[in-house]
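Each residue of the sequence shown is one higher than the one before, counting from 1 in the working numbering. Quick reminder that beta carbons are idealized off the backbone N, C-alpha and C, glycines included. Note that the structure is a prediction, hence the values are computed from the model and not measured.
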Amino acid sequence: MQVTGKVVVVTGGANGIGQALCETFHQAGAAKVVVVDLDGERATAVAESIGGAAFRCDVGKEKDIQHVIELTERHYGPIALFCSNAGIGGGFDPMSPNAGGTSDEPWARSWAIHVMAHVYAARHLIPLYKARGGGYFLNTISAAGLLSQVGSPAYSTTKHAAVGFAENLAISHRADNIKVSILCPQGVDTNMLKNIPKGPQSNDGNLSPEQVAQDALAGIEAETFLILPHKQVIDYMRKKTENYDRWIGGMAKIQAKMRETFGK
C-alpha cells in the first residue's frame with residue numbers, strides 16, 4: 001500500500017516511534033496524519049509541525065478509540081491506515097522472586113494498551129474497511145512478542161498476545177482485502193528504553209525511531225506481515241523453534257547474568 005494521498009492515524013504519536021511514524025508518513029505524502037496520544041498537548045505540537053491533526057486518547061478505553069475513528073472519518077475522510085502504536089514499559093524487575101507476583105493493576109493496564117487497543121481498533125474499523133473494499137492495520141508490537149523480555153513478564157506476555165491477535169486478524173480478513181503488518185523492533189532509542197537500565201540483555205544495538213519508521217513504511221509498501229528492523233531477530237526466532245528447551249536455557253542464563261549485574 002502506498003500512503004500517498006491517504007488518511008493515516010497513529011496512536012502513541014506524540015514521541016518516540018510514533019512521532020517518527022507521523023513524520024515519515026507526512027514526508028511520504030499522506031493526505032492527513034492524525035496524531036493520537038494520551039499527552040494531548042504534545043500530540044498537538046507534533047501535528048502542527050506536519051500539518052496534521054491531533055486527538056487526545058487513552059487507547060485502553062474503547063470509547064476513546066471509537067471517538068478518534070469517528071472524528072477522523074467525519075473531518076478528514078476515510079482512514080486507510082491505522083497504526084496501533086501506543087505502548088507502555090514498566091514492570092522491569094529481573095530481581096523479582098515471582099514472575100506472577102506483580103499486582104493486577106499493571107497487568108490489566110498492559111493488557112488494555114498492548115492487546116485490547118488493537119482489538120478496539122479492529123472492532124470499529126473492520127466494518128468500515130469491508131464497506132469500502134479494504135484497509136490496513138500496522139500494529140507496533142516488539143521483538144519481545146516473538147521472543148521474550150527477561151525481567152518483564154507483563155510486557156512479554158501481552159506482546160505475545162498482540163502477535164496472536166494480529167495473526168488472527170490477518171487470516172480472518174485476508175479475503176476482505178484488509179492487510180496487517182506487525183512492527184517488531186528490539187532496542188529503539190526512546191524514552192521507554194531509557195527507563196530500562198543497561199545490562200546483559202542489551203546486545204544488538206539501539207536503532208533510531210526514524211530508522212524504525214522508515215522500515216515500517218517499506219514494510220507497508222511491500223505489504224509484509226512481519227517487519228523486523230533488527231534483522232537478527234529472524235535467526236533468534238529460528239533458534240527458538242528449532243530447540244525450545246535450549247532457547248529457554250539460554251534465556252535463563254541471561255536472567256542469571258542480569259540478576260548478578262543488577263544485584264551488585
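Does DSSP classify CYS57 as helix, strand or coil? In the three-state scheme derived from DSSP, where H, G and I count as helix and E and B as strand, CYS57 is classed as coil.
Hey, ASN85 and GLY12 are a contact pair by Cβ (cut 8 angstroms); roughly how many whole angstroms apart? Right, the Cβ-Cβ distance comes to about 4 angstroms (below 8 angstroms), so this counts as a contact.
With the cut-off set at 8 angstroms, would you say ALA143 and GLN186 are in Cβ contact? Cβ distance < 8 angstroms, so ALA143 and GLN186 count as in contact.
Residues bridged to LEU227 (per DSSP): Before going on, a small fix: residue 227 reads as Ile here, not Leu. DSSP, once it has assigned bridges, lists LEU183 as partnering ILE227.
Would you call the CB atoms of LEU138 and LEU207 closer than 8 angstroms? No, Cβ-Cβ distance for LEU138 and LEU207 is not below 8 angstroms.
Quick test of your reading: LEU212 and LEU146, contact by CB under 8 angstroms. State the CB separation rounded to the nearest angstrom. The sequence shown places Val at residue 212, rather than the Leu named in the question. About 15 angstroms separates the beta carbon of VAL212 from that of LEU146, a gap too long to meet the 8 angstroms contact definition.
Could you work out which residue in VAL8, ILE141, ALA31 is closest to HIS160 when comparing CA atoms only? Out of VAL8, ILE141, ALA31, the CA that lies nearest to the CA of HIS160 is found in ILE141.
Can you round the beta-carbon distance between LYS240 and TRP247 to whole angstroms, since I take them to be within the 8 angstroms contact cut? At roughly 4 angstroms, the Cβ-Cβ gap stays under 8 angstroms, so LYS240 and TRP247 are in contact.
Give me, in chain order, the residues of the same chain whose beta-carbon lies closer than 6 angstroms to that of PHE55; leave out the 5 immediate sequence neighbours on both sides. Here the set comprises VAL36, VAL68.
For VAL115 and ALA162, which I take to be in contact (beta-carbon distance under 8 angstroms), what is that distance rounded to the nearest angstrom? Correct: roughly 5 angstroms between the Cβ atoms.
Span separating the alpha-carbon of SER152 from that of PRO94: Looking at the backbone, the Cα of SER152 and that of PRO94 are separated by about 7 angstroms.
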